[in-house]
Amino acid sequence: MMLRVALFCFAAVLVAQQIGEITVEKIADGMIFAEGPVWSMEDFLLFSDNVTGQQRKYIPGKGVSDVSGPASGASGSTYDNKGSLYSCQPHERRVVRIDKKGKMDIVAERFEGKRLNAPNDIVVRRDGNIYFTDPAFGAQQDSQELDFYGVYHVTTRGVVEAVARWKTRPNGIALSENGRMLYVSDADSQTVHAFDLAGNGTASNDRIVVSKIPGAPGGIRLDESDNLFVAAKSVFVYSPKGELIRTIQLPETPSNLAFGDPDFRTLYVTARTSVYRVRVGVKGAVSYFP
Numbered sequence: 016m017m018l019r020v021a022l023f024c025f026a027a028v029l030v031a032q033q034i035g036e037i038t039v040e041k042i043a044d045g046m047i048f049a050e051g052p053v054w055s056m057e058d059f060l061l062f063s064d065n066v067t068g069q070q071r072k073y074i075p076g077k078g079v080s081d082v083s084g085p086a087s088g089a090s091g092s093t094y095d096n097k098g099s100l101y102s103c104q105p106h107e108r109r110v111v112r113i114d115k116k117g118k119m120d121i122v123a124e125r126f127e128g129k130r131l132n133a134p135n136d137i138v139v140r141r142d143g144n145i146y147f148t149d150p151a152f153g154a155q156q157d158s159q160e161l162d163f164y165g166v167y168h169v170t171t172r173g174v175v176e177a178v179a180r181w182k183t184r185p186n187g188i189a190l191s192e193n194g195r196m197l198y199v200s201d202a203d204s205q206t207v208h209a210f211d212l213a214g215n216g217t218a219s220n221d222r223i224v225v226s227k228i229p230g231a232p233g234g235i236r237l238d239e240s241d242n243l244f245v246a247a248k249s250v251f252v253y254s255p256k257g258e259l260i261r262t263i264q265l266p267e268t269p270s271n272l273a274f275g276d277p278d279f280r281t282l283y284v285t286a287r288t289s290v291y292r293v294r295v296g297v298k299g300a301v302s303y304f305p
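Residue numbering for the sequence shown follows this note's numbering, beginning at 16 and increasing consecutively.
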């Protein structure tokens, strides 16, 4: 990826606000709809303005800069343990993979001969199995070819399989640290579903593990104890039993989130026009790192 010369003049901390024992810092603003946060093993955060397609990069202590590259406009992104970047591009209705040299391959753009709706979020397991959600929001529904909203599995051989065919819209997606559980948020029913994952990546046993989430749940992440962080009206933290154990309030409504920083104990949250940095004191699940 090539960096533009111009750096945005954002201070490392534009806004700081104490909420209980945590500090919320604004690290970037001025976007129309911030999305797609993902932490790189090279110690920086990538995120996008989902409306303009502009991708940005944040380096702690150095600030934010524009990035040019094929992953621009991503609504959800992740890395595999080889350092390749996977991104959902809802405007192009596809999922892509960009290797460390910048070469892009299309991972998925059709299912059963029809174009995907608008891929939204994605995770990659250590063994190379890929999972992504495919809802459609707003005008995206006008060009929908499939008669369902999907959760998909891409096998290590590149075969695209439907994990779930919902009438409601799947949104965020996450893996447990051991790679045996897949979690998917449902923006319409205000729930989070869990699936069991087999050794070959096959998903089964769809069930609801969190319900009655305030707001429309979007991005989700797990910590190393399998507590579930959900971006909805606020950031809500649920125990593995689905009990609400913490609420993190932000100045704007969250859309997505990702653990980051070298110790992986910081939660980065995209929230409408801005990106926030929250030191949460717990380590995120590292299901895609070596």
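Heads up, the beta-carbon is just placed ideally off N, CA and C, and yes, glycines get one too.
Check your understanding: How many whole angstroms separate the CB atoms of Gln156 and Pro134, which I take to be in contact at a CB cut-off of 8 angstroms?
Key -> Going by Cβ atoms, the distance from Gln156 to Pro134 rounds to 14 angstroms, so no, they are not a contact pair.
Practice item. Over the uninterrupted beta strand (DSSP E) stretch that includes Asp81, give me the two end residues. Key: Here the beta strand (DSSP E) through Asp81 covers Gly78 to Ser83.
Exercise for review: Specify, as a first and last residue, the run of the beta strand (DSSP E) that Ala89 falls within.
Suggested key: Looking at the DSSP string, Ala89 is not in any beta strand (DSSP E), and its letter there is neither H nor E.
Check your understanding: Closest to Lys227 by CA distance: which of Asn220, Glu258 and Tyr198 is it?
Key -> Measuring from the Cα of Lys227, the nearest candidate turns out to be Glu258.
Practice item. Measure the C-alpha to C-alpha separation of Val301 and Gly98 and round it to an integer number of angstroms. Key: Answer to the nearest angstrom: the Cα atoms are 14 angstroms apart.
Point to revise | Cβ distance (whole Å) where Ile113 is taken to contact Thr148 below 8 angstroms | key: About 20 angstroms separates the two Cβ atoms, so there is no contact after all.
Point to revise | Rounded C-alpha distance that separates Ala286 from Leu197 | key: Each residue's Cα considered, the two are about 24 angstroms apart.
**Study point:** Glu127 burial status per 10 Å Cβ neighbour count (16 or more: buried)
**Key:** Result: exposed.
**Study point:** Pick from Ser191, Pro266 and Thr281 that is closest to Leu237, judged by C-alpha positions
**Key:** With distances taken between Cα atoms, Leu237 lies closest to Ser191.
Review point. Would you report the Cα separation of Val297 and Glu239, rounded to the nearest angstrom?
Key: For the pair Val297 and Glu239, the Cα-to-Cα distance works out to about 8 angstroms.
**Study point:** With 16 other Cβ atoms within 10 Å as the buried cut-off, status of Leu212
**Key:** Taking all protein chains in view, the Cβ of Leu212 is crowded by 16 or more other Cβ atoms within 10 Å, so the residue is classified as buried.
Check your understanding: So Thr170 and Asn144 are in contact, right, with Cβ under 8 angstroms, and what is the actual spacing, rounded?
Key -> About 7 angstroms separates the two Cβ atoms, so the contact holds.
Review point. Taking Cβ positions, are Tyr73 and Val79 nearer each other than 7 angstroms?
Key: Between Tyr73 and Val79, the CB-CB gap stays under 7 angstroms.
**Study point:** Separation of Gln70 from Thr268, as counted between CA atoms
**Key:** Going by the C-alpha atoms only, they are around 20 angstroms apart.
Practice item. Could you work out which residue in Asn242, Lys256, Pro255 and Gln205 is closest to Val295 when comparing CA atoms only? Key: Selected option, being the one with the closest Cα: Asn242.
Exercise for review: Below 8 angstroms on the Cβ atoms is my guess for Ile137 versus Ser92; work out the distance and round it to an integer in Å.
Suggested key: Confirmed, Cβ separation roughly 7 angstroms.
Check your understanding: Roughly how many angstroms separate the alpha carbons of Glu50 and Val207, rounded to a whole number?
Key -> Using only the alpha carbons, I get a separation of about 19 angstroms.
Check your understanding: Can you round the beta-carbon distance between Arg222 and Ala202 to whole angstroms, since I take them to be within the 8 angstroms contact cut?
Key -> Contact flag wrong, Cβ pair sits at about 18 angstroms.
Practice item. Reducing DSSP to helix, strand and coil, say where Gly187 ends up. Key: Three-state DSSP puts Gly187 in a strand.
Exercise for review: Measure the alpha-carbon distance for Ala151 versus Arg130 and round it to whole angstroms.
Suggested key: C-alpha separation (whole angstroms): 12 angstroms.
Exercise for review: May I have the straight-line CA-CA distance separating Gly153 from His106, to the nearest angstrom?
Suggested key: Between the C-alpha atoms of Gly153 and His106 there is a straight-line separation of about 12 angstroms.
Practice item. Flag Ala273 as yes when its Cβ comes closer than 6 angstroms to any non-hydrogen atom of the ligand MG, and as no otherwise. Key: Summarising the ligand content, the structure contains no ligands, and the ligand MG is consequently not present.
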